[in-house]
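Visitor:
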Amino acid sequence: MPKSKRDRQVTLSKTKKKGREHKETIVNTIRQAAEDYNSAYVFSFENMRNHKFKEFRDQLKSNSRLFNEYEEHDFARTGSVSTEKVELMEGPLEQFSHVMEPFLRKQGMPVRLNKGVIELVSDFLVCDEGKPLSPESARILRLLGTKMASFRLHLICRWSPGDFEQYAPGPDDSGIESS
9 MPKSKRDRQV
19 TLSKTKKKGR
29 EHKETIVNTI
39 RQAAEDYNSA
49 YVFSFENMRN
59 HKFKEFRDQL
69 KSNSRLFNEY
79 EEHDFARTGS
89 VSTEKVELME
99 GPLEQFSHVM
109 EPFLRKQGMP
119 VRLNKGVIEL
129 VSDFLVCDEG
139 KPLSPESARI
149 LRLLGTKMAS
159 FRLHLICRWS
169 PGDFEQYAPG
179 PDDSGIESS
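Here the sequence shown stands for residues 9 to 187, numbered as in this note's numbering.
(1) Tell me the rounded alpha-carbon separation between ALA48 and GLY170.
(2) Run through DSSP, which three-state label would ASP66 get?
(3) Can you find at least 3 beta carbon pairs, one from the stretch 22-29 and one from the stretch 123-139, that sit closer than 8 Å?
(4) Check whether the stretch 37-51 touches the stretch 117-128, taking contact to mean three or more Cβ pairs, one atom from each stretch, closer than 8 Å.
(5) Taking 9 Å as the threshold (C-beta atoms), are PHE83 and MET156 in contact?
(6) Give the C-beta separation of LEU141 and THR91 to the nearest angstrom, bearing in mind that I take them to be a contact with Cβ-Cβ under 8 Å.
(7) May I have the straight-line CA-CA distance separating ARG57 from PHE159, to the nearest angstrom?
(8) With C-beta atoms as the reference, is TYR175 less than 9 Å away from LEU163?
(9) Classify ALA146 as buried or exposed, calling it buried when 16 or more other Cβ atoms lie within 10 Å of its own Cβ.
(10) Under a Cβ-count criterion, where at least 16 other Cβ atoms within 10 Å of its own Cβ denotes burial, should SER172 be classed as buried or exposed?
(11) Do we get a CB-CB distance below 9 Å when we pair LEU101 with the residues of chain D?
(12) Alpha carbons only, please: which of GLU102, SER105, PRO143, ILE126 is nearest the one belonging to SER88?
(13) Quickly, what does DSSP pair PRO143 with across the bridge? List them, please.
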């Protein structure tokens, strides 16, 4: 069959390409920063959270020697590996209001409403240690207030004019996930 002249590909995206000029400005700002500042640090991170990273940058303004000790705990997300076994025992769940009962049931918990108090009908395993979290178990852990993820920064190396110091192997050499 002949090729249709009417069948044209139409891009529905409204974003414009940034082009070569944009890349050149980025390279120029990096070159300018290398001239303005006396050192540069390369680091990788685990369980990146934008809010935690902003807090870290605020702390970094006054003190740059906190890479080894910086660790913040946060709620685990779907797919994160569980660090501990969390099991709820049969009985009343007084930390939840009666309005939460349908939501908890949707998350797979065997619950019922007994005189306005949510009651767990049988023991319920939220997550097992070392296994990835499902979306439901991540939501339940957030409701319980259990923080399993920890946001950590790993300093890889430091550069200053005439000096280079490597503290840890790079992302290719280690099991650390980086972006």
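Using N, Cα and C, we set each Cβ at its ideal position, and we do this for glycine too.
Guide: Based on what the coordinates show:
(1) 12 Å
(2) helix
(3) no
(4) no
(5) yes
(6) Not quite, the Cβ-Cβ distance comes to about 10 Å (not below 8 Å), so this is no contact.
(7) 7 Å
(8) yes
(9) buried
(10) Just to set this straight, residue 172 is Phe in the shown sequence, not Ser. It counts as exposed.
(11) Looking for chain D here will not work: only one protein chain is present.
(12) PRO143
(13) Paired residue(s): none; PRO143 is not in a bridge.
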